[in-house]
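Visitor:
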Amino acid sequence: MPNCKLTAQSLSEWFASGQGQYVLASEQAYFDHTVSDIFGFNAVQLGLPEHDFLGRSRMPLRFTAGALAGNDVRLCCDELPFSCDSLDLVLLPHVLEFADNPHQILREVERVLRPEGNLIITGFNPFSLWGMHRALGRKQGYPWCGQFIRLPRLKDWLALLGFEIAGGRFAAYAPPLHTTKWLERFAFMEKAGDRWWAVSGGVYFLHAIKRVPGMRLIKPQWNNGLVRNLLPVTPKLNKGVTQKKNGNDE
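Encoded structure:
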């Protein structure tokens, strides 16, 4: 785990700050809108149990899972105790950038998702004002201690696992100011960012679907006449001779 010290001691604690509330509002709105249109039976949110990102989901079984107390299921994200092809939706809210082995987590998610299952990831964008703040700062405290993952790199990882990108967007275009008052003064950058510098948002959302290649048998078009000529001739038995022979044997 990265060395996260000073200021916020956990991501949930940081979400309670002015900066965190600014980001959380965008993330909650995206999750509420996206999960409501995904259908299935079983959905899990890995991490951040204090925030119900599955609240608008219509799936009958919804639960949180993670290593910390407060989750419905306690587990390690890189060793998920679920059966293969058992889940319809998995949320990864800022899990990968604070993990020692994000590749293994994605492999486990791919294993437990059903074919055509959905994966939604949120992450901090290194190519943004937030990423610049981290690069020039001390990288201590949340979220700056995390390893911000470039979006093209993340897409490559997903492609190797057989995922297809279904959607996504950016948010949090304002500078990472500490107070809510100053963040509200830069609220105009949200609409401007979506229009003029869409890839420079402080956070990104990525919606991917697990694709499993299917197999369809192609039957050959047999030439019936040729097949009959190639088959060995089966001798026809003379029924009368057979019966007479059987009678003599008696």
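Numbering-wise (the numbering used here), the sequence shown opens with residue 113 and increments by one.
Using N, Cα and C, we set each Cβ at its ideal position, and we do this for glycine too.
A quick note: this is a predicted structure, and the numbers were derived from the prediction, not measured.
1. Taking a contact to mean a Cβ-Cβ separation below 8 Å, would you say S169 touches S148 in this structure?
2. What does the alpha-carbon distance come out to for the pair A141 and P227?
3. Taking 8 Å as the threshold (C-beta atoms), are H290 and G130 in contact?
4. Measure the alpha-carbon distance for G253 versus H145 and round it to whole angstroms.
5. Pick out whichever of N237, E276 and F260 has its Cα sitting closest to the Cα of V311.
6. For K322, write down the residues that DSSP places opposite it in a beta bridge.
7. F275: which of L160, L187, A284 and P325 sits nearest, CA to CA?
8. Please state whether DSSP places L270 in a helix, a strand or coil.
9. Going straight from the alpha carbon of L173 to that of L248, what length do you get?
10. Do S138 and A278 come within 8 Å of each other at the CB atom, strictly closer than that value?
11. Going by the beta-carbon positions, is the gap between N154 and D190 smaller than 8 Å?
12. Look at the alpha carbon of V185 and the alpha carbon of P264, and state the distance between them as a whole number of angstroms.
13. Output the distance between the C-alpha atoms of T119 and W269, rounded to the nearest integer angstrom.
14. Take S124 and list the residues in its own chain whose beta-carbon comes closer than 7 Å to its own, dropping the five residues that flank it on each side.
15. What separation, rounded to the nearest whole angstrom, lies between the Cα atoms of A181 and L187?
16. Does S129 have its Cβ less than 8 Å from a Cβ in chain D?
Guide: So, from the data block:
1. Counting from 1 along the sequence shown, the entry for residue 169 is found at position 57. Counting from 1 along the sequence shown, the entry for residue 148 is found at position 36. Contact flag set, yes.
2. Counted from its first residue, the sequence shown places residue 141 at position 29. Counted from its first residue, the sequence shown places residue 227 at position 115. So the alpha carbons of these two residues sit roughly 27 Å apart.
3. For the purposes of this step, residue 130 is taken as residue 18 along the sequence shown, with counting starting at 1. For the purposes of this step, residue 290 is taken as residue 178 along the sequence shown, with counting starting at 1. The answer is yes: Cβ separation under 8 Å.
4. The count along the sequence shown starts at 1 and reaches residue 253 at position 141. The count along the sequence shown starts at 1 and reaches residue 145 at position 33. If you take the alpha carbons of G253 and H145, they lie about 30 Å apart.
5. Translated into positions along the sequence shown, residue 311 becomes position 199. Nearest C-alpha to V311: N237.
6. For the purposes of this step, residue 322 is taken as residue 210 along the sequence shown, with counting starting at 1. Answer is F275, bridged to K322.
7. Start at 1 with the first residue of the sequence shown, and residue 275 comes out as number 163. The shortest Cα separation from F275 among L160, L187, A284 and P325 belongs to P325.
8. Here residue 270 refers to the residue found at position 158 of the sequence shown. Secondary structure at L270: helix, using DSSP grouped into helix, strand and coil.
9. Taking the first residue of the sequence shown as 1, we reach residue 173 at position 61. Taking the first residue of the sequence shown as 1, we reach residue 248 at position 136. Straight across, the Cα-Cα distance linking L173 with L248 is about 43 Å.
10. Translated into positions along the sequence shown, residue 278 becomes position 166. Translated into positions along the sequence shown, residue 138 becomes position 26. The beta carbons of A278 and S138 sit no closer together than 8 Å.
11. For the purposes of this step, residue 154 is identified with residue 42 of the sequence shown, where counting begins at 1. For the purposes of this step, residue 190 is identified with residue 78 of the sequence shown, where counting begins at 1. For N154 and D190, no; Cβs fall outside 8 Å.
12. Here residue 185 is taken as the residue at index 73 of the sequence shown, counted from 1. Here residue 264 is taken as the residue at index 152 of the sequence shown, counted from 1. Using only the alpha carbons, I get a separation of about 31 Å.
13. For the purposes of this step, residue 119 is identified with residue 7 of the sequence shown, where counting begins at 1. For the purposes of this step, residue 269 is identified with residue 157 of the sequence shown, where counting begins at 1. Because the pLDDT at T119 is just 48, under 50, the model does not fix this residue reliably, and the value given afterwards should be weighed accordingly. Roughly 32 Å separates the two Cα atoms.
14. One-based indexing of the sequence shown puts residue 124 at position 12. In the same chain as S124, and ignoring 5 residues on each side of it, the C-beta atoms closer than 7 Å to its own belong to L160 and E162, in chain order.
15. In the sequence shown, counting from the first residue as 1, residue 181 sits at position 69. In the sequence shown, counting from the first residue as 1, residue 187 sits at position 75. Those two C-alpha atoms are separated by around 10 Å.
16. Of the chains in the structure shown, none is chain D; there is only one protein chain.
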